[in-house]
Every structure is written in structure tokens, then in C-alpha cells.
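First the structure, in the form of C-alpha cells, and then the observations on it.
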Amino acid sequence: MAETIHILIGTTSGNTEYLADQLSEALHQQGFATQLHDEPDLGTLPTEGTWLVCLASHGAGDYADSMLGFYDQISLHEDPLKQLKYAVIAIGESCYDTYCKAGRHLDSRLQELGGKRLTSRLEIDMLEDDPEQKALQWLPNMVNALNSEE
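In the UniProt record's numbering, the protein residues as written are 1 to 150.
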């Protein structure tokens, strides 16, 4: 079986958690093991391997409630994450000027720390998009990138 994909969930209302569950199931069907982290902690997450981040912006572009602690940790983190592969799904509402700000921030921060982005960030507009459909259409990009590394 392929490596475990760690799915980091940043949600306030629970919609992002549902999306992460759908992605986890799709990855299982393709032979990947997954582990869901609904309140990610940088101290216990493996910094080698693969993260799939599902992160909703909240309020003025803040990290969703379940990732506020992780925001503090990653903002202060100084050690390189050169062995980390990752992909980000940013979720927000396009009527706000802070649309997907949290996901954009985390994507940039992981790159600054040396993480390798597997595929372009997916931005989901909760006002326009079907989140599960859009994410499941995007997921093969991440899977193909992972498979090409083996």
C-alpha cells in the first residue's frame, strides 16, 4: 500500500470536515491510506510525507477554528520542511475580499519552509461551487503527482 496521506482539516461549521471525509474515501479507493487531523498539531504531525490541507477561511480571512493553534505553530516554525509534500484546498466565499486567505497563507508558508507543492492550490467558492464535485475533479492532479514520485 502507498504511503499515508495526512488530511489536515480547518473547519468552523463542519462543511470542510465533510469534504475531507469524501476525499479520504476517494483516496482509499485508489489504494492510499489516510489519517484525518481535525485539530492538527505540528508537534505530532509527521513532517516527512504527504499532507492534504482542507482549510476554510473564517471571518476576516482567519484560519478556521479547528486550525487556530496550528496557525500559531506554523507561523513560528523555523525548521525546514524539505521532506514534506503537500496540496492545499482553500475554501471561502468570493463575496469577501479575504476570499481563501487562510489557504493562500498556508500554501505560501509551506513553500517558504521548503515544502514541495504537489499541484496547484484548489480554491472553492462556497457561493458558486459544489465543493465535493470540484475537489474530486481536482484530486487526480495530486494523485498523479504522488504516483510520479514513486
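Note that the Cβ used here is the ideal one computed from N, Cα and C, for glycine as well.
Under the DSSP assignment, residue 69 falls in the alpha helix (DSSP H) whose first and last residues are 68-76. Here the region 24-37 does not lie against the region 87-102, with fewer than 3 beta-carbon pairs under 8 Å apart. Taking C-beta atoms as the reference points, residue 143 and residue 103 fail to come closer than 9 Å. Selection 74, 82, 8 and 127 evaluated against residue 99 yields 127 as nearest (Cα-Cα).
The beta strand (DSSP E) runs lying completely inside the UniProt domain "Flavodoxin-like" (5-143) and spanning 3 residues or more are 33-37, 49-58, 84-92 and 122-125, given in chain order. A Cβ-Cβ distance of about 5 Å is found for the pair residue 91 and residue 124, placing them in contact under the 8 Å criterion.
For the 9 Å CB-CB criterion, residue 3 and residue 9 do not form a contact. The three-state secondary structure of residue 3, taken from DSSP, is coil. Around the Cβ of residue 24, a 10 Å sphere holds 16 or more other Cβ atoms; the residue is buried. Residue 131 sits away from residue 27, with the two beta carbons spaced by 9 Å or more.
If you check the CB distance, residue 60 and residue 11 do not come in under 9 Å. In this model, residue 48 and residue 116 are separated by some 11 Å (Cα to Cα). Within the same chain, 89 and 138 come within 6 Å of residue 122 by CB-CB distance, once the 5 residues on both sides are set aside.
The C-beta separation of residue 6 from residue 50 comes to about 7 Å, placing the pair in contact by the 8 Å criterion. Of the candidates 41, 118 and 106, 118 places its Cα closest to the Cα of residue 146.
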